[in-house]
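Following: one structure in structure tokens, then a few remarks.
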Amino acid sequence: MSALLEATIGRYLSLDLDGRKHRLYFEEAGQGIPLVCLHTAGSDTRQYRALLNDPAVTSDFRVIAFDMPWHGKSSPPIGWHEEEYRLTTETYTTMIMRFVESLELEQPIVMGCSIGGRVVLNLARTHGSALRAVIGLQSSGHVDPYYDTTWLHHCDVHGGEVSAGYVYGLIAPQSPGP
Numbered sequence: 148m149s150a151l152l153e154a155t156i157g158r159y160l161s162l163d164l165d166g167r168k169h170r171l172y173f174e175e176a177g178q179g180i181p182l183v184c185l186h187t188a189g190s191d192t193r194q195y196r197a198l199l200n201d202p203a204v205t206s207d208f209r210v211i212a213f214d215m216p217w218h219g220k221s222s223p224p225i226g227w228h229e230e231e232y233r234l235t236t237e238t239y240t241t242m243i244m245r246f247v248e249s250l251e252l253e254q255p256i257v258m259g260c261s262i263g264g265r266v267v268l269n270l271a272r273t274h275g276s277a278l279r280a281v282i283g284l285q286s287s288g289h290v291d292p293y294y295d296t297t298w299l300h301h302c303d304v305h306g307g308e309v310s311a312g313y314v315y316g317l318i319a320p321q322s323p324g325p
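With the first letter of the sequence shown counted as 1, position 36 gets the number 183 in this note's numbering; the numbers rise by one all the way through.
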């Protein structure tokens, strides 16, 4: 029987965002150029587990992935149940930059997938001078529908369940399970 202790370290960061305390969970491994990884809307830091454990990457990069509030091990702020959760581009951008500043990361690379991939485009536009680079994975701009989706709104169709089925079909086999 063999065992391997991974080099990845998990921590919590208490952070004030919009006057509310948040407790963000993050994992990090490696040393070198800071690489901040942003997960998709339906995931958490586990999305980057392979990257955090890849010696070819961690020998040159300090890989850091954090769970957005309400995701993974990050807690929602106190009183979260008293209002509707709304994540805006501005709020997410501010959260990322506060995270970067709190860890005193100098000129990090920020890489994001899906919602994270879209926000890195805004980071480049609004905070480009503070970043070494941004990498957008599945960060597409606006794409007009290329097929008719109006049938999803028919009374005999549960659009949420059908759409979830579509999304499930797009997920890679290596992705974390439900």
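For each residue, glycine too, the CB sits at the ideal point set by N, CA and C.
Look up residue i in the DSSP assignment and say whether it is helix, strand or coil.
i, result
"residue 161", "strand"
"residue 258", "strand"
"residue 278", "coil"
"residue 239", "helix"
"residue 226", "coil"
"residue 212", "strand"
"residue 284", "strand"
"residue 150", "coil"
"residue 233", "coil"
Whose C-beta lies closer than 7 Å to the C-beta of residue i among residues of the same chain, with five residues either side of it excluded?
i, result
"residue 240", "266, 269, 270, 273"
"residue 226", "none"
"residue 332", "Lying before the first or after the last residue shown, residue 332 is absent from the chain, which here runs from 148 to 325."
"residue 170", "159, 161, 221, 222"
Would you report the Cα separation of residue i and residue j, rounded to the nearest angstrom?
i, j, result
"residue 318", "residue 178", "30 Å"
"residue 231", "residue 223", "12 Å"
"residue 156", "residue 181", "15 Å"
"residue 208", "residue 184", "12 Å"
"residue 251", "residue 309", "43 Å"
"residue 238", "residue 291", "26 Å"
"residue 204", "residue 198", "7 Å"
"residue 176", "residue 151", "15 Å"
By Cβ distance, which residues of its chain are closer than 8 Å to residue i, with the 5 residues on each side in sequence left out?
i, result
"residue 304", "298"
"residue 306", "299, 300"
Can you give me the Cβ contacts of residue i inside the same chain, cut-off strictly under 6 Å, excluding the 5 residues immediately before and after it?
i, result
"residue 220", "172, 214"
"residue 282", "258"
"residue 260", "187, 284, 285"
In the DSSP output, what is residue i paired with across the bridge?
i, result
"residue 181", "209"
"residue 173", "158, 213"
With three or more beta-carbon pairs closer than 8 Å as the criterion, would you say the segment 159-170 touches the segment 229-247?
yes
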